[in-house]
Amino acid sequence: MTQNPFGGEGGFDMAALLQQAQQMKDDLAVAQEALANTRFEGTVAGGAVTATVNGHGELLGVQVKAGEFDGSNPDELADLGDMIVAAYRDAKAKADATSEESIGMITGGLSRGIPGMA
Numbered sequence: 001m002t003q004n005p006f007g008g009e010g011g012f013d014m015a016a017l018l019q020q021a022q023q024m025k026d027d028l029a030v031a032q033e034a035l036a037n038t039r040f041e042g043t044v045a046g047g048a049v050t051a052t053v054n055g056h057g058e059l060l061g062v063q064v065k066a067g068e069f070d071g072s073n074p075d076e077l078a079d080l081g082d083m084i085v086a087a088y089r090d091a092k093a094k095a096d097a098t099s100e101e102s103i104g105m106i107t108g109g110l111s112r113g114i115p116g117m118a
């Protein structure tokens, strides 16, 4: 994206602009593919619960450390549910921050405020 779409003599070079747009589109596709294959973990309660998401925020797994919760105690089960949600939110926040950073580097901040973008 080093060509000047306005031309060297002050004119407008539509071909260069379209080439830059295509390059940005290709770069975004590569970044989104990389994010889809990246894993982010969120943990709570000193690692009692860990949630794993991909770069798009899709939940991939939840791990609960053995011996941390009594499955017969309703209050502990309610706490466990809250911890799973908190671990997911932690992992998703990490994924969102990385996504915003990588997409922002490609678009120069243009993606902010555009629905469906980071």
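Each residue of the sequence shown is one higher than the last, beginning at 1 in the UniProt record's numbering.
The C-beta atom is built at its ideal place from N, Cα and C for all residues, glycine as well.
On a predicted model such as this, the values are computed, not experimentally measured, just so you know.
CA-to-CA, the gap between R89 and G71 works out to about 23 Å. Proximity to R39 across A31, D75, H56 and G47 peaks at H56, based on C-alpha coordinates. Here I106 is near A31, since their CB atoms are less than 7 Å apart. The C-alpha of A21 lies about 19 Å from the C-alpha of E101. E41 carries a strand assignment under DSSP once its states are collapsed to helix, strand and coil.
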